[in-house]
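Using the numbering used here, the first residue of the sequence shown is number 11, and each one after it goes up by one. The next block holds one structure in the form of structure tokens; read it before the comments.
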Amino acid sequence: MNKIYYSLGILFFVIMQIAVAFTLVVVFQGVLTMNSGLSILLAVPLTIAIAFLTSRMVSRNTVTMRYALVVLAYIVMQTGLALVASTLLASIFNVTNQALLIGLSSILSFTVGLVVILLILRRDEQLDGGLRGPKMKTGETVAWSIIGIFLVFGTQIVAGLIQSLLFGIDQGSENTADLVAIAQEFLPFIIVIAVIGPIIEELVFRKAIFGWLYRRTNFFVAGLISSLIFAVIHFDFEHILIYGAMGFAFAFLYVKTKRIIVPIIAHIALNSFVVVVQVLFIDKINEFMDTATFISTMIGMILL
């Protein structure tokens, strides 16, 4: 079993370094306007240096190093892996449809990213990772997983109302709308929205970032910093209150139960609800709304 993990680790380490090199070349060419030859010449030694640094972090295998690697893997997944996947799909398989390209590249990059993060966190708790304190028993964990779903939904509703009533900000999220639009054109993309994405985000923002800060500060400081990062990373600054409140709710569930699976379940439930409502059943909902509007209009005419 250890040989399998070792082989997988090497394979995905190489994949991540290729993604790093590709990202550096793109940055040098696109941002710094360097020619391809000079970009590659600079990217090679930098990639080697990053690979050496990463290997040192892996060899030390402390809680701090593991969680730093998780964050690094997330960054590479969102940048280099996504770029590599989309470039290969466009150039080799001639994928030109934008929704299909984003959907396929996201599935590939998120899947690889999840595997890498799980490999990094293998045996994390046996190596002094996770939150200190007794974990909830199985029955309590199941109960809090159900409670957590309602807690997160309630938190989002309250934060949305505050945002709307006090600041006049519409509750519709541009980030969510963009993701839903892609899923409506390429249905398999919903697995990223509803399952893989929430798992990765909880492992990164709650287990790694919040967990590391919580052990060194307190719930409020760790929750505030991790929730702000969670909100900012969605690039939807208008709705930062909602994302921040949700981050606190997920963090509370993690601290309460000491089990990362509980906020993962709540996060999956929240995102799945969005997918069901706005992607799978949107046509039926629109038909129902049209019917309800028609009936309401007819009643109004009768009353008049």
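Think of the CB as a built atom: it goes at the ideal place given N, C-alpha and C, for glycine as much as any other residue. Note that the structure is predicted; figures quoted are calculated from it, not measured.
Would you tell me roughly how many angstroms separate the C-alpha atoms of residue i and residue j, rounded to the nearest one?
i, j, result
"Thr227", "Met75", "18 Å"
"Met256", "Gly178", "20 Å"
"Ala193", "Leu111", "12 Å"
"Gly140", "Val68", "18 Å"
"Ala276", "Trp222", "21 Å"
"Gly164", "Leu171", "11 Å"
"Ile102", "Arg66", "35 Å"
"Ser116", "Phe199", "8 Å"
"Ala169", "Arg225", "27 Å"
"Lys13", "Leu124", "20 Å"
"Gly19", "Asn45", "33 Å"
"Asn107", "Ala92", "16 Å"
"Phe196", "Ala29", "25 Å"
"Val24", "Lys147", "39 Å"
"Leu176", "Phe247", "16 Å"
"Ala153", "Ser119", "33 Å"
"Tyr77", "Gln88", "17 Å"
"Gln27", "Ser174", "44 Å"
"Val81", "Thr267", "23 Å"
For residue i, report the span of its alpha helix (DSSP H) as first-last.
i, result
"Met67", "46-70"
"Val287", "Taken as a continuous stretch (DSSP letters only), Val287 belongs to no alpha helix (DSSP H), as it is neither H nor E."
"Gln370", "The question about residue 370 has no answer here: the residues shown for the chain are numbered 11 through 314."
"Asp88", "As written in the sequence, residue 88 is Gln, which differs from the Asp given in the question. Taken as a continuous stretch (DSSP letters only), Gln88 belongs to no alpha helix (DSSP H), as it is neither H nor E."
"Phe230", "229-242"
"Ile210", "207-211"
"Leu141", "Premise fails: Leu141 is in no alpha helix (DSSP H) and is neither H nor E."
"Ala109", "108-130"
Under the three-state reduction of DSSP, which class applies to residue i: helix, strand or coil?
i, result
"His277", "helix"
"Asn185", "helix"
"Ile270", "coil"
"Arg216", "helix"
"His249", "helix"
"Phe32", "helix"
"Val190", "helix"
"Glu103", "For the record, residue 103 in the displayed sequence is Phe; it is not Glu. Three-state result, Phe103: coil."
"Gly19", "helix"
"Phe258", "helix"
"Thr43", "coil"
"Arg76", "helix"
"Phe196", "coil"
For residue i, count the other beta carbons within 10 Å of its own beta carbon; 16 or more makes it buried, fewer makes it exposed. Which is it?
i, result
"Asp138", "exposed"
"Ile22", "Looking at the sequence itself, residue 22 is Phe, so the reference to Ile does not match. Phe22 comes out buried."
"Ala100", "exposed"
"Ile219", "buried"
"Tyr15", "exposed"
"Ser155", "buried"
"Lys217", "buried"
"Ala232", "buried"
"Ile58", "exposed"
"Gln136", "exposed"
"Asp180", "exposed"
"Leu114", "buried"
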